[in-house]
Amino acid sequence: MRRIILSVSSICFCALYFGCVDGRRILFENVVQVSGFNDTLVDLRVRKFNRTMSVLNGSIVIPNWIDDIPQLSLDLFYSRLGNQQFNHYPMKFPLAGICSFIDHMHRNYGQYIAPLKNFPALGECPFSPRSINIVDFAFPEKPVPMVMPPGLWKVVITKRMKEVEMLKFYYLIKILDY
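Set out below in structure tokens:
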């Protein structure tokens, strides 16, 4: 009887362990605004939440009205060894107007952007000046495709208006395999 209870409990433990662990962890490393301090202020910090997770805190201050004319682009760079030697990753993301991009985020990733305070609502365009507050925001792991290999990733977001760069910032994330 004791052996049966032990084997059943070990099977339950293994099922619970493999059901909870997906084998990947994605952590914020850094957020840096490169240009466009007059256009938008990206004041975000990465802090250690506990021993296994880092979170994003801070705000994005938008001082002017924003419509769909400025376009956002997103470029990915990959460093396999994590030594800041990045190669452009061939994953393509099309240019999109800011309002179109925000509507796309709401439709496809609404549950992940819900914790962001004062984020523009779906269909709100143009949107008013505001401060988007971010408190203890962990990187969402589910929407990241499994084809993205472990290593250090640099995500560069650029805002352009009539082919002129208005804002550029990037964040670094680390993908770890277990």
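Going by mature numbering (1 follows the signal peptide of the UniProt record, and there is no 0), the letters in the sequence shown line up with residues -23 to -1, 1 to 155, in that order. Glycine included, C-beta positions come from ideal geometry on N, C-alpha and C. Note that this is a predicted model, so its numbers are computed, not measured.
In this structure, asparagine 85 keeps its C-beta atom at 7 angstroms or more from the C-beta atom of asparagine 95.
Aspartate 16 and proline 122 have their alpha carbons spaced roughly 32 angstroms apart.
When secondary structure is reduced to three states using DSSP, glutamine 88 falls in the helix class. Boundaries for serine 105: no beta strand (DSSP E) harbours it, and the DSSP string shows neither H nor E there. Rounded to the nearest whole angstrom, the C-alpha separation of proline 120 and asparagine 41 is 31 angstroms. The Cβ atoms of isoleucine 3 and isoleucine 152 lie closer than 7 angstroms to each other. Nearest Cα to glycine 13 within the set Leu149, Tyr66, Pro103 and Leu144: Leu144.
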